[in-house]
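Here is the structure we will look at, set down as structure tokens.
Protein chains in written order, with the working numbering: chain G, 1 to 111; chain V, 1 to 111.
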């Protein structure tokens with residue numbers, strides 16, 4: 001079993017739909033990161049969360065420390081949101097600067 | 001400000017050779033971490049350096065090594081290359097406990 005589990009693996013949505021990607025982890029961590037990767041490889045850090053909720057534009061990330069679960073929401077999705085979204089945990093086992101990654105969610109938003 | 005710079009962008013090597021990849025972090029960032037991304041294994045943590053010291057290490061064989069210089073630039077080296085080392089190698093820099101900034105990666109092909 002992976003230490004960081006992500007679902008779904010693939011997601012197809014119509015433009016304008018509300019999207020949710022889920023991430024769960026099995027032990028205590030110091031922070032949960034949401035990353036976006038476009039074709040070609042470049043990774044952009046979207047959020048770093050240790051508690052509560054953060055919002056940036058149409059993106060919202062939440063984390064529930066007790067349930068060891070985080071979600072990334074995209075409101076009013078757009079084709080330019082098509083990318084791979086990856087959650088990653090840091091602080092696993094006390095290693096602050098070691099990221100453990102989920103398997104990623106490939107999102108395709110169709111016009 | 002300049003982002004994280006990785007060189008070279010693409011590299012083709014033959015089995016048995018060795019390779020050195022370079023990563024220049026954002027000015028002032030002292031933590032540099034390295035990751036390997038393959039279609040089969042996804043993103044995996046290689047190691048992390050801070051102030052020229054390796055602080056964390058992933059589960060990779062000793063053929064994978066790295067170092068960090070006094071200006072925080074980092075290199076990783078892979079010796080005795082195997083076909084399975086073909087991957088996208090990413091580095092990221094970090095200031096304190098902030099989020100990570102990733103480079104565009106080096107795509108290594110071993111033939």
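From the three backbone atoms N, C-alpha and C, an ideal C-beta is built for every residue, glycine too.
Return the residues of the region 89–103 of chain V that lie within a Cβ-Cβ distance of less than 9 Å from chain G, sorted by chain order. Here the close residues are 90, 92, 94, 97, 98, 99, 100, 101, 102 and 103.
Chain V partners of residue 33 of chain G, CB-CB under 8 Å? As a working mapping, residue 33 of chain G is identified with position 33 in the first chain. By Cβ distance, chain V contributes 99 and 100.
Could you run through the region 25–44 of chain V and flag, in chain order, every residue whose CB is less than 9 Å away from some CB of chain G? 31, 33, 35, 37, 42, 43 and 44
8 Å Cβ cutoff, residue 52 of chain G in contact with chain V: Mapped onto the first chain, residue 52 of chain G falls at position 52. Not closer than 8 Å to any Cβ of chain V, the Cβ of residue 52 of chain G fails to qualify, so no.
Under the DSSP definition of a beta bridge, which residues are partnered with residue 92 of chain V? Counting from one through the second chain, the residue named residue 92 of chain V turns up at place 92. DSSP lists V:33 and V:102 as partners of residue 92 of chain V.
Starting from residue 85 of chain G, follow the beta strand (DSSP E) in both directions and report where the run begins and ends. Stepping through the first chain from its first residue, residue 85 of chain G is reached at position 85. Per DSSP, residue 85 of chain G belongs to the beta strand (DSSP E) from 83–90.
In terms of alpha-carbon separation, which member of V:3, V:52, V:41 and V:11 lies closest to residue 78 of chain V? The sequence position of residue 78 of chain V within the second chain is 78, counting from 1. With respect to the C-alpha of residue 78 of chain V, the residue from V:3, V:52, V:41 and V:11 having the closest C-alpha is V:11.
In whole angstroms, what separates the C-alpha of residue 39 of chain G from that of residue 13 of chain G? Taking the first chain and counting its residues from 1, one reaches residue 39 of chain G at position 39. Taking the first chain and counting its residues from 1, one reaches residue 13 of chain G at position 13. If I take the Cα positions, the gap works out to 18 Å.
Inter-residue spacing [alpha-carbon to alpha-carbon] between residue 122 of chain G and residue 46 of chain G: Chain G is shown from 1 up to 111; residue 122 of chain G falls before or after that span and cannot be answered.
So which residues of chain V does residue 97 of chain G contact, with C-beta pairs closer than 8 Å? Within the first chain, the letter at position 97 stands for residue 97 of chain G. The contacting residues are 31, 33, 48, 50, 55, 56 and 94.
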